[in-house]
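These notes concern the structure reproduced below.
Number of protein chains: 2
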Amino acid sequence: MAKPLILVTNDDGITAPGLRALIRFMKEIGDVIVVAPNSPQSGMGHAITIDSTLYIEEETINREDGAIAEYSCSGTPADCVKLGLRELLDRKPDLCVSGINHGSNSSINVIYSGTMSAAIEAGIEGIPAIGFSLCDFSWNANFEPAKEAIQQIVRQALEHGIPKGVVLNVNIPKTKTASPKGIKICRQARANWKEKFDKRISPNGKEYYWLTGEFELLDNGEDTDEHALSKGFIAVVPTQFDLTAYHAIHRLNNWKLND
Amino acid sequence: MAKPLILVTNDDGITAPGLRALIRFMKEIGDVIVVAPNSPQSGMGHAITIDSTLYIEEETINREDGAIAEYSCSGTPADCVKLGLRELLDRKPDLCVSGINHGSNSSINVIYSGTMSAAIEAGIEGIPAIGFSLCDFSWNANFEPAKEAIQQIVRQALEHGIPKGVVLNVNIPKTKTASPKGIKICRQARANWKEKFDKRISPNGKEYYWLTGEFELLDNGEDTDEHALSKGFIAVVPTQFDLTAYHAIHRLNNWKLND
Numbered sequence: 000m001a002k003p004l005i006l007v008t009n010d011d012g013i014t015a016p017g018l019r020a021l022i023r024f025m026k027e028i029g030d031v032i033v034v035a036p037n038s039p040q041s042g043m044g045h046a047i048t049i050d051s052t053l054y055i056e057e058e059t060i061n062r063e064d065g066a067i068a069e070y071s072c073s074g075t076p077a078d079c080v081k082l083g084l085r086e087l088l089d090r091k092p093d094l095c096v097s098g099i100n101h102g103s104n105s106s107i108n109v110i111y112s113g114t115m116s117a118a119i120e121a122g123i124e125g126i127p128a129i130g131f132s133l134c135d136f137s138w139n140a141n142f143e144p145a146k147e148a149i150q151q152i153v154r155q156a157l158e159h160g161i162p163k164g165v166v167l168n169v170n171i172p173k174t175k176t177a178s179p180k181g182i183k184i185c186r187q188a189r190a191n192w193k194e195k196f197d198k199r200i201s202p203n204g205k206e207y208y209w210l211t212g213e214f215e216l217l218d219n220g221e222d223t224d225e226h227a228l229s230k231g232f233i234a235v236v237p238t239q240f241d242l243t244a245y246h247a248i249h250r251l252n253n254w255k256l257n258d
Numbered sequence: 000m001a002k003p004l005i006l007v008t009n010d011d012g013i014t015a016p017g018l019r020a021l022i023r024f025m026k027e028i029g030d031v032i033v034v035a036p037n038s039p040q041s042g043m044g045h046a047i048t049i050d051s052t053l054y055i056e057e058e059t060i061n062r063e064d065g066a067i068a069e070y071s072c073s074g075t076p077a078d079c080v081k082l083g084l085r086e087l088l089d090r091k092p093d094l095c096v097s098g099i100n101h102g103s104n105s106s107i108n109v110i111y112s113g114t115m116s117a118a119i120e121a122g123i124e125g126i127p128a129i130g131f132s133l134c135d136f137s138w139n140a141n142f143e144p145a146k147e148a149i150q151q152i153v154r155q156a157l158e159h160g161i162p163k164g165v166v167l168n169v170n171i172p173k174t175k176t177a178s179p180k181g182i183k184i185c186r187q188a189r190a191n192w193k194e195k196f197d198k199r200i201s202p203n204g205k206e207y208y209w210l211t212g213e214f215e216l217l218d219n220g221e222d223t224d225e226h227a228l229s230k231g232f233i234a235v236v237p238t239q240f241d242l243t244a245y246h247a248i249h250r251l252n253n254w255k256l257n258d
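Those protein sequences? They're chains A and B, same order as listed. Taking numbering that gives the first Met the number 0, I'd label the letters of the first sequence as residues 0 to 258. Taking numbering that gives the first Met the number 0, I'd label the letters of the second sequence as residues 0 to 258.
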């Protein structure tokens with residue numbers, strides 16, 4: 000049987016250690032083609048490049064990582080997937096994986112996540128897709144303890160297929176050397192960022208702000224991604240891009256909108 | 000009773016005619032404060048500014064539109080809402096409205112929409128929020144025919160409240176002068192963009208791409224936003240930011256992830 004074709008992308012950029020680790024993990028499963036941003040794109044959400052030009056460069060960041068071909072793109076993670084599918088790959092890939100992100104994309108972070116936007120873009124195109132994130136922002140984070148679980152999730156996704164309209168958001172707890180305790184299927188925890196804006200004065204006297212904030216968990220459920228992570232488990236949240244709140248349709252139909 | 004406090008924002012920028020129309024429509028209902036991007040931010044999805052500074056300017060674009068105060072911000076639509084809530088407003092607003100967008104944000108477009116990202120950001124903060132979009136990309140689009148319906152939706156939202164965890168995505172059909180036929184509560188239609196990349200050569204010989212594409216409706220349902228719009232109705236989709244695909248959890252639990 001032909002090896003599966005796996006499109007690898009991310010939002011931290013083509014040189015990020017998390018991407019390089021994912022390439023190495025995936026080459027043991029399939030043929031890997033990389034299309035990743037040429038600069039960090041964290042927090043880009045599902046941005047796409049409409050009013051600007053896009054550039055692609057063929058790259059050889061590290062041949063030993065084992066990709067068949069690598070391309071960097073000047074656009075967002077969603078642009079990378081679109082360009083990869085339309086311009087760079089000879090056939091539809093069997094899987095798209097995004098990451099491994101340096102930092103969590105659990106709970107409400109999924110909304111802001113460039114990593115997940117790439118996976119969702121592939122999902123919209125009907126390609127099984129998974130975003131992987133390690134809950135460690137360090138550039139020198141250790142991705143090796145997660146290798147076995149990541150490969151297991153990918154193999155299961157290739158074997159069973161991912162339900163239509165669903166992409167997987169996989170968050171991995173930070174561990175020193177031991178593997179995570181296991182894998183749990185979860186729902187997205189309710190949470191919020193309590194932003195604080197750090198107000199400063201520039202050398203030329205102009206006020207400016209830095210966005211900072213603290214994560215606030217608003218959910219005590221034991222079936223959430225945050226709960227699984229807190230107990231040392233990998234959290235897998237099936238994530239959809241039909242955003243309709245079906246439960247609210249009936250209630251809105253009771254509003255007097257057409258009187 | 001005190002007038003409601005309404006935060007108005009958008010993604011086309013603080014000078015966009017759609018925003019100016021929304022300010023005029025809202026000042027008849029409440030006290031309006033504007034925090035909007037200082038430049039167009041279409042297609043920004045739910046991007047936020049993490050690795051860069053943010054600037055705010057107090058503005059007087061057109062005093063006659065009737066806002067109490069107006070601020071432009073160097074960031075994304077989601078940044079505008081965060082900054083508005085944390086730094087610029089004295090109290091939590093009773094409502095956040097985003098738009099009126101020049102162009103549709105129906106069906107899958109909601110994923111890429113800066114207009115809706117601002118509304119969703121407010122929704123995450125527990126503020127009733129609505130995104131309005133007119134299916135007309137023209138800068139000179141006529142927003143007046145939608146005035147009555149927009150005000151009716153806003154008044155009903157203020158009266159009933161919007162269900163927790165839900166924001167409204169309102170798309171308005173293009174009409175010459177007549178009002179839309181009515182308002183329908185809908186689900187998000189399944190659809191996709193068939194991208195085409197227009198490949199060109201720069202004056203210095205470098206290849207570059209423009210993202211273009213055609214909208215492809217994949218849904219024949221009569222309960223969708225696209226169907227309502229095609230029949231001349233305003234489409235209201237209750238939209239959620241819990242992205243969990245609950246229906247898929249059981250199926251994923253049958254995978255062999257922990258063997």
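Even glycine gets a Cβ: it sits at the ideal position worked out from N, Cα and C.
At a cut-off of 9 Å, the C-beta of residue 135 of chain A has no neighbouring C-beta in chain B. Residue 234 of chain A places its beta carbon less than 9 Å from that of residue 169 of chain A.
With a threshold of 9 Å between beta carbons, residue 119 of chain A makes contact with chain B. Scanning B:154, B:217, B:144 and B:150 for the CA closest to the CA of residue 172 of chain B turns up B:144.
Residue pairing by DSSP puts residue 97 of chain B in a beta bridge opposite B:8 and B:130. Residue pairing of residue 36 of chain B in beta bridges, as defined by DSSP: B:72.
Taking the Cα positions, residue 126 of chain A is about 14 Å away from residue 115 of chain A. Collapsing the DSSP output to three states places residue 193 of chain A in a strand.
Check the Cα spacing between residue 257 of chain A and each of B:222, B:151 and B:246: the tightest is with B:151. At least one CB of chain A lies nearer than 9 Å to the CB of residue 48 of chain B. Under the three-state reduction of DSSP output, residue 143 of chain B falls in the helix class. The alpha-carbon of residue 31 of chain B is positioned some 10 Å away from that of residue 64 of chain B. C-alpha of residue 101 of chain A to C-alpha of residue 135 of chain A: approximately 6 Å in a straight line. In terms of Cβ geometry, residue 78 of chain B and residue 59 of chain B do not form a close pair [threshold 9 Å].
Apart from sequence neighbours up to five positions away, the residues of its chain that approach residue 217 of chain B with a beta-carbon distance below 7 Å are 189, 190 and 191, ordered along the chain. Straight through space, the alpha carbons of residue 133 of chain A and residue 185 of chain A are spaced by roughly 16 Å.
For the stretch 76 to 87 of chain B, the set of residues with a beta-carbon nearer than 9 Å to any beta-carbon of chain A comprises 77, 78, 81, 82, 84, 85 and 86, in chain order. Within chain B, the residues whose beta carbon sits less than 7 Å from that of residue 255 of chain A are 155, listed in sequence order. DSSP links residue 168 of chain B through a beta bridge to B:130 and B:236. Non-local C-beta neighbours of residue 124 of chain A in its own chain, meaning closer than 7 Å and more than five positions away in sequence, comprise 84, ordered along the chain. A direct Cα-Cα distance of roughly 22 Å separates residue 105 of chain A from residue 19 of chain A. When beta bridges are read from the DSSP output, residue 57 of chain A appears opposite A:70. Straight-line spacing of the CA atoms in residue 25 of chain B and residue 5 of chain B works out to 7 Å. In this model, residue 74 of chain A and residue 40 of chain B are separated by some 15 Å (Cα to Cα).
Between the stretch 235 to 252 of chain B and the stretch 235 to 249 of chain A, the count of Cβ pairs shorter than 8 Å is three or higher; the stretches touch.
Across the set A:176, A:183, A:174 and A:179, the C-alpha of A:183 shows the shortest separation from the C-alpha of residue 167 of chain A.
Selection B:251, B:141, B:76 and B:180 evaluated against residue 121 of chain B yields B:76 as nearest (Cα-Cα). Taking all protein chains shown into account, residue 158 of chain B has fewer than 16 neighbouring C-beta atoms within 10 Å of its C-beta and is therefore exposed. Put simply, the CB of residue 12 of chain B is far from chain A, with every gap to its CB atoms at 9 Å or more. Among the residues facing chain A, residue 131 of chain B is not included, as its CB has no counterpart in that chain under 9 Å away. Contact residues of the stretch 87 to 117 of chain B toward chain A are 107, 109, 110, 111 and 116 (C-beta to C-beta distance below 7 Å). Taking a C-beta distance under 9 Å as the contact criterion, residue 15 of chain A and residue 138 of chain A qualify as a contact pair.
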